[in-house]
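In the numbering used here, the protein residues as written are 21 to 438.
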């Protein structure tokens with residue numbers, strides 16, 4: 021890893037880094053949560069946008085008694101553009117120098133920071149996958165004082181959205197750091213992040229909190245299945261005014277309508293039941309011809325389903341034959357099953373799902389389109405980039421992608437009793 025004269029060679033270090041961590045990172049990406057592990061992934065998304073033709077009617081003319089007139093099918097174009105998602109880790113230069121002569125020492129010295137960086141990316145990817153593309157974390161309903169530090173009460177609190185040391189923004193304000201998370205009271209404490217040259221802006225009641233730099237820049241997520249044809253509310257009556265106007269009633273530029281929407285069930289505060297699951301499953305099958313093959317729910321609803329299916333707990337979901345990660349590793353998950361009209365369907369809990377909802381999904385109709393070279397950045401010939409005014413290097417993980425979810429193949433139950 022060093023030149024013959026002992027000088028520091030970042031190219032050699034970067035090559036070792038890629039060899040040791042590329043496959044590990046891909047394995048984490050393909051097994052971070054059940055849905056991420058099962059959806060389609062491709063790495064050849066090029067060009068400004070991707071267009072997918074969506075048939076929205078039958079073709080031809082039909083009739084009896086005399087020859088009918090022909091007619092054309094109606095199509096809509098789903099337009100997909102990429103978003104940028106990153107994780108950045110910092111590696112101390114002295115740490116690299118001290119481990120240059122020993123490959124094992126280098127791996128031991130860098131493993132922790134690499135693992136935490138990739139895990140952080142996967143957490144953010146999971147957050148976006150179960151959101152609506154806006155980057156929204158929650159809405160401030162109360163604050164203890166006007167100046168930082170502040171204790172904020174979040175009206176639509178989701179614990180998984182908030183982690184200590186995350187840098188977030190209130191609206192388009194400056195960065196603040198999450199100091200404490202209090203799930204029992206649905207509160208977070210924010211403080212000045214102390215970043216040189218970056219202003220820290222206190223939050224006000226009514227402000228929407230966003231992950232840093234993510235306002236309206238997340239990839240699409242499952243909350244987009246809530247959209248209805250008209251108005252500024254979703255099917256539960258919740259406001260979607262935080263979304264850009266051109267996205268409130270559209271998915272991938274197509275207007276939400278009879279041929280372009282998910283099956284939506286407002287539980288109206290009732291408890292989950294097998295009748296309810298069967299109802300939504302059959303509606304999905306009627307709509308698209310396929311029954312869901314995956315149910316993803318909150319931990320609260322998962323507990324209720326376990327009690328509901330007490331005599332079915334012996335069922336498990338085996339490894340799906342042929343499902344491989346990019347690096348070739350098998351992906352396997354285990355959970356209880358629900359017996360649908362087309363066979364058993366695995367049920368899995370996910371912490372990014374709101375407490376009152378259940379998703380019924382066809383995972384083959386969720387596709388993450390990546391641009392080429394997704395992973396650790398090395399376009400400059402090295403993974404390591406010198407930090408300004410610091411004796412350290414940055415390594416960047418991620419890339420450019422978009423999540424494509426054809427709404428017609430999925431369903432959502434929300435408003436369940438908690």
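The beta-carbon is built from N, C-alpha and C at its ideal position, and this holds for glycine as well. Just so you know, these numbers come straight off a predicted model, no measurement behind them.
One thing to note: residue 146 has its Cβ no nearer than 8 Å to the Cβ of residue 282.
Contiguous alpha helix (DSSP H) elements confined to the segment 248-324 occur at 294-308, taking only those with 4 or more residues. Counted as a single uninterrupted DSSP element, the stretch harbouring residue 163 is not any alpha helix (DSSP H) but the beta strand (DSSP E) occupying residues 156-163. Taking a C-beta distance under 8 Å as the contact criterion, residue 73 and residue 286 do not qualify as a contact pair. For residue 85, there is no enclosing beta strand (DSSP E), as DSSP gives it neither H nor E. Taken through DSSP and simplified to helix, strand or coil, residue 117 comes out as helix. Using a 10 angstroms sphere on the CB of residue 408, the tally of other CB atoms stays under 16, which defines it as exposed. By the Cβ criterion, the segment 152-166 is not in contact with the segment 364-376, since fewer than three pairs of Cβ atoms, one from each stretch, lie closer than 8 Å. The alpha-carbon separation between residue 194 and residue 307 amounts to approximately 45 Å. With contacts defined by Cβ atoms closer than 8 Å, residue 412 and residue 109 do not form a contacting pair.
For the set 390, 410, 416, 383, the Cα lying nearest the Cα of residue 397 is the one of 416.
Taking one beta carbon from each stretch, the segment 177-192 and the segment 264-281 have fewer than 3 pairs nearer than 8 Å; the two do not touch.
Residue environment for residue 276: buried (at least 16 other C-beta atoms within 10 angstroms of its C-beta).
Rounded to the nearest whole angstrom, the CA to CA distance from residue 369 to residue 268 is 28 Å.
DSSP places residue 403 outside both helix and strand once states are collapsed to three, so it counts as coil. By DSSP's assignment, residue 413 forms a beta bridge with 111, 406. Annotated as distal: residue 356 and residue 311, with beta-carbon spacing of 8 Å or more. About 4 Å separates the beta carbons of residue 403 and residue 34, which is inside the 8 Å limit, making them a contact pair. Rounded to the nearest whole angstrom, the C-alpha separation of residue 323 and residue 383 is 23 Å.
Note on the segment 152-211: whole beta strand (DSSP E) runs with a minimum of 3 residues are 156-163, 170-174, 187-190, 195-202, in chain order. Excluding the 5 residues flanking it on each side, residue 291 has same chain C-beta neighbours closer than 8 Å at 324, 436, 437, in chain order.
DSSP places residue 62 in the uninterrupted beta strand (DSSP E) bounded by 60-62. Assigned with DSSP and collapsed to three states, residue 429 falls in helix. Rounded to whole angstroms, residue 432 and residue 236 show a C-alpha spacing of 23 Å. When the Cα atoms are used, residue 113 and residue 122 turn out to be separated by approximately 15 Å.
Measuring C-alpha to C-alpha distances from residue 171 to each of 46, 162, 365, 329 identifies 162 as the nearest.
Per DSSP, the unbroken beta strand (DSSP E) holding residue 358 starts and ends at 356-360. Beta-bridge annotation (DSSP): residue 231 is paired with 188. For residue 48 and residue 197, the gap between their C-alpha atoms comes out near 26 Å.
Judged by DSSP secondary structure, residue 363 falls outside any alpha helix (DSSP H) and instead within the beta strand (DSSP E) spanning 363-369. Rounded to whole angstroms, the Cβ separation of residue 159 and residue 140 is 24 Å, and the two are not in contact under 8 Å. Note: residue 99 is bridge-paired with 71 in the DSSP secondary-structure output. The bridge partners DSSP lists for residue 145 come to none. Closest in alpha carbon position to residue 388, among 273, 238, 220, is 238. The C-beta of residue 304 has 16 or more other C-beta atoms within 10 Å across all chains shown, which makes the residue buried. Around the beta carbon of residue 58, a 10 Å sphere encloses 16 or more other beta carbons of the protein chains shown; the residue is thus reported as buried.
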